[in-house]
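Heads up, the thing below is written out as structure tokens.
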Amino acid sequence: MALNIDDLPGAIRQAKKALRAGLPNYREVFAEVEKAIGDEAKRIAAQRDAGESVIPEIRFADIVEGRVSADAIALVRSRGACVIRQVFPREQVRDWDEEIARYVERNHLDKRLESRAEDKYFGQLASSKPQIYGVYWSKPQVLARQSASLTRARVFLNKLWRNESEGHVHFDPERVPAYADRLRRRPPGSASLGLSAHCDGGSVERWIESNFRKVYRHVFSGNWRAYDAFDAAFRPDVEEIASPAVCSMFRTFQGWTALTPQGPGDGTLQLVPIANAMVYILLRALQDDVADDDLCGAMPGRALSIKPEFHAPLFEALSSIPKMEAGDTVFWHSDVIHAVEDEHKGAGYSNVMYIASAPACAKNDAYLARQLPSFMKGESPPDFPADHFEVDFTGRATLDDLTPLGRAQLGLDV
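Throughout the sequence shown, residue numbering follows UniProt numbering, covering 1 to 414 in sequence.
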């Protein structure tokens, strides 16, 4: 269900008044948060600058064999992100990358991009033109989403969350619905095609909408150290302001699968690997130097911008992900700050398939029902700009390409 707000400045003023009344010592609490999160950012920056990897790395084989240690899991939950190595064989992924290239070329996607629907989701970000293709239903994308290996990895990720709390079971981690997302195909030498730091999954709603406030109940009550970013309570119940490219599914992790080798300097992903950084963002907007009708520049229906003038300590930890090989995956918590390097200084294409981790819940089942007709017709999914490029594409995935698992993940045979 979408959230509708007629008077946004008024809603922000009312929300901030209520939140400050509920946390009269908001200045002192934020001072504690600023020191704690700032110190964590400095520690991460020191590790990064010393050449250490600050994004946890897990071998997919260790997930399969149950060999991921408790310390590794704790680090993923602290950093809010991980790279999972060798989910797919490199040869298979190279074939997929070549097939996607043929798919977009054969169907003259470049010409169609000239008439694409305007996507304003990233419009407020300093860098706002990522090399992203509005393609969702190529056979490699569908095959990757329904693969047993990636499903296994996503079940592992779903289980890092507390799916039962506050007297309720919030989701089923074993069932992984398919969320159709796009492609990135970034040629070498491209510049100014990145994304500045932001969060997805809600902007102004985090302060205004009642269930978002319940998600962050410990933060807004001042008991911020009790906040657990991996507690799913109330998350499947939140309501977002509807807008093209605003995700209306509950994702445990955003993610992508590398189709080509890529690393720092190749126009790759950057993260602030602090799972609890949202605590800083939420309380920062309540401080007295932010106007009463402003939430540090947050805009409805857009990505939640992270700005140096408001969130400077967090930028110290902004780090590029490690070198990725074809078939590796990277996942980051839905509240984790991320960005994309502006310049691709590498020698080859930097290509990925965006494939998130999501569990079965009422919110996600409802989205599947809306998404399924898009697959059947080759249209853009409901959460994305209505380009509908693929309706007449040759070689698009069809029902015949679905396995029993793939059918279930799209909401068929349920």
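Every residue gets a Cβ at the ideal spot worked out from N, C-alpha and C, and that includes glycine.
According to DSSP, Gly255 shares a beta bridge with Phe331. The C-alpha of Trp207 is placed about 30 Å away from the C-alpha of Asp342. Assignment of Val352 by DSSP, reduced to helix, strand and coil, places it in the strand class.
Using a C-beta cut-off of 8 Å, the stretch 200-216 makes no contact with the stretch 356-374, since fewer than three inter-stretch Cβ pairs fall below that distance.
By the neighbour-count criterion, in which 16 or more other beta carbons inside 10 Å mark a residue as buried, Arg235 falls on the buried side. If you look at Val391, you'll find it isn't in any beta strand (DSSP E); DSSP assigns it neither H nor E.
As the crow flies, the alpha-carbon of Leu368 is around 15 Å from that of Gly378. DSSP places Asp401 in the helix class (H, G or I) of the three-state scheme. Counting only unbroken stretches of 4 or more residues, the alpha helix (DSSP H) elements lying wholly within the stretch 41-75 are 60-64, in sequence order. No Cβ-Cβ contact shorter than 7 Å links His388 with Pro188. Rounded to the nearest angstrom, the gap between the Cα atoms of Ala180 and Ile321 is 23 Å. Along the length of the stretch 142-210, whole beta strand (DSSP E) runs at least 3 residues long occupy 183-186, 195-199, reported in chain order.
Sorting Leu259, Asn351, His333 by C-alpha distance to the C-alpha of Glu91 places Leu259 at the top.
Around the beta-carbon of His333, 16 or more other beta-carbon atoms lie within 10 Å, marking it buried. Sequence-distant partners of Met278 (beyond 5 residues in either direction) whose C-beta falls short of 6 Å from its own C-beta, in its chain, are Asp335. Contact between Ile44 and His198 fails: their C-beta atoms lie close to 19 Å from each other, not under 8 Å. DSSP, read as helix, strand or coil, puts Ser248 in coil. Between the alpha carbons of Ser149 and Ala11 lies a distance of about 45 Å.
DSSP, read as helix, strand or coil, puts His311 in helix. The criterion of a C-beta distance shorter than 7 Å is satisfied by Gly406 and Gln146.
Nearest in C-alpha terms to Phe230, of all of Ala41, Glu164, Gly263, is Glu164. Within the same chain, Phe393, Thr394 come within 7 Å of Asn107 by CB-CB distance, once the 5 residues on both sides are set aside. With a cutoff of 7 Å on beta-carbon distance, Ala81 and Ile55 are scored as near each other. Here Tyr216 really is in contact with Leu282; their C-beta atoms are around 6 Å apart, less than 8 Å. Beta-bridge partners of Val83 (DSSP): Glu57, Val330. Going by beta carbons, Ile37 and Tyr280 fall inside the 7 Å limit.
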